[in-house]
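Working notes, beginning with the structure itself.
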Amino acid sequence: MGLQIIKPDTHIDFIGFKRKAFIISAILILLGLGSLVVKGGPKYGIDFAGGIVVQVKFDKLVPVKEVKNILKGTELPGLTVQSFGHLDDNEILIRTSTSKVTSADIRARVNKEFTDNLKDTKFEIQRLEMVGPKVGADLRTKAIEALYFAVLLIAIYISGRFEKRWFAAALMAGGLFGGISILEFAGLPTSLLIFAALIITVGLCWYLKLNYALGAIVALIHDVLITVGIFSLLGKDFDLTIIAALLTIIGYSLNDTIIVFDRIRENIFGKAGEDFADTINISINQTLSRTILTSGTTLLVVIALFVLGGGVIHDFALALLIGVGVGTYSSIFVASPILLGVGAGKLEDDEETVGAGAA
Amino acid sequence: MNGSLRWRIALTLIVVALGVAYLLPSLPAVQNSAMARFLPNDKISLGLDLKGGIHLTLGVDMDKAMDNTLVRLGDDVKVVAREKGIIVLKPKVINGQQIEAVLLKKEQQEELNSLITKDFNNLSVVSTSVKPDGKVTYIFAPTSEFKKYLTKLTMDQAIKTIRNRIDQFGVAEPDIRKQQGNRIQIQLPGMQDPERAINIIGKTAHLEFKLVDDLADLEKAKKGIVAPGREITVIRHMLPDGSYVEKPIVLRKEALLTGEFINDAQTRFDQFNQPYVTLNFNSRGARIFERITGENVKKRMAIVLDGKVYSAPTIQDRISGGKASITGSYSTDEAQDLAIVLRAGSLPAPVTILEQRTVGPSLGQESIDKGITAAVVGSILVLVFMLVYYSFAGLVADIVLVLNVILILAGLAAFGATLTLPGIAGIILTIGMAVDANVIIFERIREELRRGLTAKAAIVEGYSRATLTILDANITTVIAAVILYQFGTGPIRGFAVTLTLGILTSMFTAIFVTRILFDLYTSKRAADAPLSI
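Quick mapping for you: the protein sequence lines, in order, are chains Y and B. When we follow this note's numbering, the leftmost residue of the first sequence carries the number 179, and every step to the right adds one. When we follow this note's numbering, the leftmost residue of the second sequence carries the number 22, and every step to the right adds one.
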């Protein structure tokens, strides 16, 4: 047998750690949410806010301050300049919030100022993106819809698969759809609608006793909130690629949670533990090697992407890095304690039907 | 070797062969070799963020299209009614939605109503109000079917015109498609000069010939005071240094001839090597042009494109033969672009650029290089790790991981999917996650071995218990990826595609192919021989 990170007889009391885990998670989430409130919501990139971004590469280092001074003459509204990618790339990102100036005009102004003021430095406009305010608003709505549908479909899938209660799952889908339609009709803005959708989903899972789905959904909301919070704390922009990263995190976090849940269910049938808490602990310990190995290999490649992938993909890789870490943590310390809190539903009470259902 | 194993090996070999066959054409070294003839034609197409190029979203101004149509319909009502002896005055568009017109005699109301029902079934009478002087104010509105029809027609025409222009401009593999909300999405890969392309695509190219009012007082006109039936606009002159100045000029409002009668437009050079554009009218246009030039000799005629005067030559004589030229002051590129837009026809409505993303070719190449470096480094780390941790089983996992990457790339080529920068990230992420299925199986086999099962039995048990778990775990990721595809655009879709492909291929390789390798490994050995895992 090859190497072993986790000894087979390891028995760590993860469930006993739940209070501390709860405090850690609460602090992380509150920090993130606090940062969002203080900053007046997420900092949207041009995909969502509209505006123009110009990426310029110089053939030698030009300090950001100098670039700012040079571009003062352009009188572009909301102008920000930041260095981009690695320091030795000599790249800067110019951003302006305008929608009144055409991209051709911006290109010309930037070209002129750099040509006039940086006589011995060669430069190249590598990328220019302009998003109008209308398209930005549309993309924002689309992104929120995407997150909403992801949560909904996944909740249905888990309820159906784990509790064999497709009917209850369908009921939840109907309830969620109805609730959102009413709120949409009442004129709730889309940004709040996603929160409403999440709260309704959690509420319905609770009410319908879809306990596995509840644990998984709370864990993934936890992961998304923390990732979004850390991004807000770091002052990073939210754009389409971050939404892609969030959806991937949702997929990854669930992947992890499901492996643990799957083992819990198996161990309930096999009566592995003395009580439910013990069963969950045994299950987490049994899957621990796998959890660490998979998260390890995924983190290895995401770190490679983060370090070597270049500026354009940098924030995307950062979101994945946070998400994979938090997702691994939440499957053990969030999803499982919640499942313990609400119980494994019918499966525990009525073992006769369980035996029949599993055969 | 039993029968089941034999067909599983055969299937795997076929898949591997297909994968390699579809992957090879995308490798630069193979593309130009003799081998290329025997391989499929499908190559991995690179997204704009990797190839460099322009992505545009245009909004078609449907209000303006409606306005134009209503103006024309109002005039038609006036003309057709007059043929029947009904006098309709001053049709004009109100609120951009309706036509207001005045019927001179209220006794003719019945007649006008039946004329509208019979000859203008795309219009309906909204209201009529009789004035004390016996005139009747009519308000017409287009029917909702007509609005829908007009929207579709305008969009189709706009797309056709834009495609025409881009084709003449000579961009390889342009992608132009209609989107919701009266939008058109255009992708031009490899385009080097974005502003020129945007200029050509975005120009309405509404060409008009109008007479110049040389008697008008320019000073007054600059302040906005012009006589009725006149309008002020600008004429541009190129200075010797290549820059332009615009000077005011007063024109008669009425257009004598418009661009719709143009058959062809070409760039030519005069004896001073200055570019100009020649126009060829169709027969009807030629007749009109001959008449108007004959009637207006010694007057100046302005050639107006999208409201700007390009040149205003004096008519020397009646011009027959249907040829005209737009001299003026422009660069060769400009003259060529002008010829293209005139040839391709005018847009049925103005367009605005709602979204524009331009990536230079050097950045694209840089992104590819960095992405590949990250992928190679990430893969090597994972490969080494698996080999060290699981020894023989790790080797099995490594073999299928390489196969997995081949299959993802082959899948991209075979399905004609586009590889984008986030797509590369998707492949890298999949490499990390692909071993997950193997890890689940291997850990399970280890557990079974610890329970005292023989290698063969542990393998059987491990696979059967792990398979459903793997399916469950991966289906949720596929759900997320499908939603990404549905809601995402461009590069995001590329990510969704590679992620989905990666999950599917990794399930095939991790569950199906590794099993074959294990079965081969154990088939020749004693039942109780230890397993290197």
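For glycine and all other residues, C-beta sits at the position ideal for the given N, C-alpha and C.
Asked                                                                                                                                                                : Found
Check the Cβ-Cβ distances between alanine 397/Y and every residue of chain B, and say whether any is below 7 Å.                                                      : no
If you run the structure through DSSP and keep just helix, strand and coil, what is threonine 279/B?                                                                 : strand
Hey, which unbroken runs of the beta strand (DSSP E) at 3 residues or more fall wholly within the stretch 122-202 of chain B?                                        : 144-151, 157-163, 196-200
Taking the C-alpha atoms as reference points, what is the distance between asparagine 433/Y and glutamine 260/Y?                                                     : 37 Å
Specify, as a first and last residue, the run of the beta strand (DSSP E) that histidine 492/Y falls within.                                                         : Careful: histidine 492/Y lies outside any beta strand (DSSP E), inside the alpha helix (DSSP H) at 489-508.
Isoleucine 448/B and valine 426/B look like a contact to me (Cβ under 8 Å); what is the Cβ gap, rounded to whole Å?                                                  : 7 Å
According to DSSP, simplified to helix, strand and coil, what is alanine 356/B?                                                                                      : helix
Counting contacts by CB-CB distance shorter than 7 Å, is glutamine 260/Y in contact with chain B?                                                                    : no
Starting from the Cα of serine 467/Y, find the closest Cα among Ser544/B, Arg465/B, Val101/B, Lys113/B and give me that residue.                                     : Arg465/B
Taking three-plus beta-carbon pairs below 8 Å as touching, is the stretch 312-326 of chain Y in contact with the stretch 242-252 of chain Y?                         : no
Would you say leucine 376/Y faces chain B, with C-beta separation under 7 Å as the test?                                                                             : no
Please classify leucine 236/B: does DSSP put it in a helix, a strand, or coil?                                                                                       : coil
Any idea which residues DSSP pairs proline 269/B with across the strands?                                                                                            : Val255/B
Given that aspartate 327/B touches chain Y, what residues does it touch there, using C-beta distances under 9 Å?                                                     : The premise fails here: aspartate 327/B is roughly 15 Å from chain Y at the closest Cβ pair, so nothing lies under 9 Å.
So serine 467/Y contacts chain B; which residues on that side make the cut at Cβ distance below 7 Å?                                                                 : Glu464
Quick one: which residues of the stretch 452-485 of chain B get their C-beta closer than 8 Å to a C-beta of chain Y? List them in chain order.                       : Ile452, Gly453, Met454, Val456, Asp457, Val460, Ile461, Glu464, Arg467, Glu468, Leu470, Arg471
Whose CA, out of Arg318/Y, Leu257/Y, Ala495/Y, lies closest to the CA of isoleucine 230/Y?                                                                           : Leu257/Y
Rounding to the nearest angstrom, what Cα-Cα distance links glutamine 119/B and proline 112/B in this structure?                                                     : 10 Å
Could you run through the stretch 385-406 of chain B and flag, in chain order, every residue whose CB is less than 7 Å away from some CB of chain A?                 : In the displayed structure, chain A is absent; the protein chains listed are Y and B.
Whole alpha helix (DSSP H) runs in the stretch 295-360 of chain Y with 4 or more residues, listed along the chain?                                                   : 311-341
Compare the C-alpha of isoleucine 347/B against each of Ala365/B, Leu402/B, Gly280/B and name the closest.                                                           : Gly280/B
On the DSSP letters alone, give me the boundaries of the beta strand (DSSP E) that proline 367/Y sits inside.                                                        : From DSSP, proline 367/Y is part of no beta strand (DSSP E); its letter is neither H nor E.
As a quick exercise: from Leu209/Y, Glu362/Y, Phe454/Y, pick the residue whose alpha carbon is nearest that of arginine 441/Y.                                       : Phe454/Y
Nearest-angstrom Cα distance between arginine 472/B and valine 490/Y?                                                                                                : 49 Å
Report yes or no: is there a C-beta of chain B within less than 7 Å of the C-beta of proline 186/Y?                                                                  : yes
The beta strand (DSSP E) spanning proline 112/B covers which residue range?                                                                                          : 109-115
Do we get a CB-CB distance below 7 Å when we pair glycine 229/Y with the residues of chain B?                                                                        : no
When you compare the CB of glycine 533/Y with every CB in chain B, is at least one pair closer than 7 Å?                                                             : Legend: pLDDT at glycine 533/Y = 37, less than 50; position of this residue unreliable, no value from coordinates given.
Just to check my reading of the structure: valine 123/B and valine 147/B have Cβ atoms closer than 8 Å, yes? What is that Cβ distance to the nearest angstrom?       : Not a contact, Cβ separation roughly 15 Å.
Would a C-beta distance cut-off of 7 Å place threonine 182/B and leucine 368/B closer than the cut-off?                                                              : yes
Going by DSSP in three states, glutamate 452/Y sits in which element: helix, strand or coil?                                                                         : coil
So, at 6 Å on beta carbons, what are the nonlocal neighbours of serine 25/B in its own chain, with the 5 sequence-adjacent residues on each side left out?           : none
Does the stretch 268-286 of chain B come within contact of the stretch 299-316 of chain B, defined as at least 3 CB pairs closer than 8 Å?                           : yes
Going by DSSP, which residues form a beta bridge with glycine 229/Y?                                                                                                 : Val309/Y
Under the three-state reduction of DSSP, which class applies to lysine 274/B: helix, strand or coil?                                                                 : coil
Using a Cβ-Cβ cut-off of 8 Å (strictly less than) and excluding sequence neighbours within five positions of leucine 470/B, which residues of its own chain qualify? : Ala476, Ala479, Leu552, Ile554
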